[in-house]
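Student:
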Amino acid sequence: MNWTLLPAARFANTDSAARWEALRAAGPAAPMLAADFVQALLAEFGRGDELLAVCEQDGETIAMAVLASQGRAGWATFQPAQAPVGLWLQRPGADLPILLASLARSLPGPALLVGLSQCDPYLVARPADAARERSSDYIDTARISIGAGADFDSWWNGRGKNLRANLKKQRSRLAAAGIATRMDVLRAPQQMMEAVADYGRLESTGWKGREGTAVAADNAQGRFYRDMLERFCRRGAGSVYRYWFGAQLVAMDLCIEDGDCIVILKTAYDESVPKQYSPALLMREEACRRLFEDGRVRRIEFYGKVMEWHTRWTDEVRTLYHVNHYRWPALLRLHAWLRRRKAGGSDSSAAPPQPDGISHVS
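For what it's worth, the numbering used here labels the leading residue of the sequence shown as 16, then goes sequentially.
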C-alpha cells in the first residue's frame, strides 16, 4: 500500500480528476464527490496548500482524498461549508482504519491525527472505535427512496394526513386568490448565471440576508455555485428548480445528479410570502411528482440536518459521522481524558478537544 501526495491545486491539470472519477464510479452514486464538484470547491475556497493523496495497491487505485493541514500536527479532509461530505473516496471493501494508518505515516510532519469529516455511512462504513480510531456523530440526514415501478400517488398517500391536507388547503387558497402556481426546471449551462442570481435574491430575503451570509452573484458562494452547476449542466447532471406564484419567484432548489441519485444542495424561499403559504413545500411536492414520473432517480438526498418537515416526507434517516485516526493510542486516551474533564466527569458525545496544534475535523 503506497500513498502519493500531490498539490491539490493541480487536480484539474493532471490525470488526477480522471482517476478520481474512476474510483468514484466504483462505489455508490455520489454527485457531491464528483470531480466537477471538487474542482469548483478548490478553485473558490482552496488556500492553495491542500494535498491530493492517492493510495495504490497492486497497481490499483484504492483510495483518494483532498486534505488540508490542521495546525502543526494534524490533517483533515478539505471541508468548506458548501461540501455536504468530506472529500474522501475508497474502493468498496477497503479497510478504512488500515488506510488511515498508512496515510498518517505518509503525510509530511508529525501527523499525530488524521480526521475525516462528515462521512456518509452509505458511502463509507463507520468503523468501530478502536485503539487508534474514534468516531463521533455529526448530524442526522434524510433521503427519499423511490422503488422500481413506484408511483407518486401511492407514495404521496403514504405521507401523513396533515401534510397532504395542509398543502391541498394552501393550493385552494392560492386558486381562490387567483394566483397561479408553476414550476420550471433549468438545465442549460448558460442559464446558471441567472439561476444563481435569482437564488441569491431569494436567500437575501431571510436571515442569511440580514447576517450577510446569503449567496450573491458576486461573492465566493455565488461564484462557486455558478461554476459548479455549469460544470454539471454541461454533462446533463445539474438542475435548478424554480417555483412561481404568478410572476413572483417564491422558491428554488439547486440540485446535482449522478446515475440514480439527485442531491438537493440548497433550498431558498421568499420569506416575504404570507405565512399561510409554504412555497418550498409546494415546490417539493411537484418536484417529487416529476421525479417519480420521470423514473430515472431512485434516491433523493437532502444531506442537511434533519428538520421536522423532513420527517413528514420520509422516515429514512441516517447519521453522518466524523472519524479521527490517532498516530498513537496514548494520544486517543489523552483526548478522551480531556473530554471527560471538560464535561465534568460525565460521558459526552461531543467530539474530543485537541491539544495545541491540532484541530478536530469538525
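For every residue, glycine included, the Cβ atom is placed at its ideal position computed from N, Cα and C. Being a predicted model, the structure only gives us computed values, none of them experimental.
Where does G74 land, buried or exposed, given buried means 16+ other C-beta within 10 angstroms?
Tutor: exposed
Student: The beta strand (DSSP E) with D152 in it runs from where to where?
Tutor: Under the DSSP assignment, D152 falls in the beta strand (DSSP E) whose first and last residues are 148-160.
Student: Around the C-beta of I159, are 16 or more other C-beta atoms found within 10 angstroms, so that it is buried, or is it exposed?
Tutor: Residue environment: I159 is assigned as buried (16 or more neighbouring CB atoms within 10 Å of its CB, all protein chains considered).
Student: How many Å lie between D242 and L38 at the Cα?
Tutor: 23 Å
Student: In whole angstroms, give me the CA-to-CA distance for L104 and C248.
Tutor: Cα-Cα distance, rounded: 23 Å.
Student: Thinking C-alpha only, which one of L297, E245, A83, R179 is nearest P204?
Tutor: E245
Student: What does DSSP give as the partner residues of K281 in its beta bridges?
Tutor: L269
Student: Please classify E272 as buried or exposed, where buried requires at least 16 other C-beta atoms within 10 Å of its C-beta.
Tutor: The residue in question, E272, is buried, as its Cβ has 16 or more Cβ neighbours within 10 Å.
Student: With three or more beta-carbon pairs closer than 8 Å as the criterion, would you say the segment 341-360 touches the segment 138-151?
Tutor: yes
Student: Taking 8 Å as the threshold (C-beta atoms), are L127 and L346 in contact?
Tutor: yes
Student: Grouping DSSP H, G and I as helix and E and B as strand, with all else coil, what is E75?
Tutor: strand
Student: Quick one: is W90 buried, meaning 16 or more other Cβ sit within 10 Å of its Cβ, or exposed?
Tutor: buried
Student: Alpha carbon to alpha carbon, how far is L306 from Q94? Give it in angstroms, no decimals.
Tutor: 30 Å
Student: Applying the 10 Å Cβ sphere with the 16-neighbour rule, what's the burial state of L118?
Tutor: Buried, by the Cβ-count rule.
Student: Whole angstroms is fine: what's the gap from P294's alpha carbon to F260's?
Tutor: 8 Å
Student: Tell me, please, which residues DSSP counts as bridged to D199.
Tutor: DSSP lists R257 as partners of D199.
Student: What does the Cβ neighbour count give for D362, buried or exposed, with the cut at 16 atoms within 10 Å?
Tutor: Confidence is the limiting factor: at D362 the pLDDT is only 45, short of 50, which leaves the residue's position unreliable, though a coordinate-based value still follows. Classification for D362: exposed.
Student: Within the same chain, show all residues whose beta-carbon is closer than 6 Å to that of Q133, passing over the 5 residues directly before and after it, in chain order.
Tutor: Around Q133: V100, G101, Y153, L335.
Student: Find the nearest neighbour of A252 within the set A45, D30, A145, judged by alpha-carbon distance.
Tutor: A45
Student: Are the beta-carbon atoms of K281 and T156 separated by less than 8 Å?
Tutor: no
Student: For E286, which three-state DSSP category applies?
Tutor: coil
Student: Report the residue from E286, L56, A96 whose alpha carbon sits nearest the alpha carbon of W222.
Tutor: E286
Student: As an exercise, report each continuous alpha helix (DSSP H) stretch of at least 4 residues that is fully enclosed by the segment 92-142, in chain order.
Tutor: 111-121
Student: For the beta strand (DSSP E) holding S228, just list the boundary residues, first then last.
Tutor: The sequence as given places Thr at residue 228; Ser does not occur at that position. Premise fails: T228 is in no beta strand (DSSP E) and is neither H nor E.
Student: Tell whether a beta-carbon distance below 8 Å holds between A78 and C70.
Tutor: yes
Student: Taking the straight line between their C-alpha atoms, what separation do you get for A231 and P43?
Tutor: 33 Å
Student: Measuring straight from C-alpha to C-alpha, what distance separates G86 and L114?
Tutor: 22 Å
Student: Beta strand (DSSP E) containing W18: first to last residue?
Tutor: 17-22
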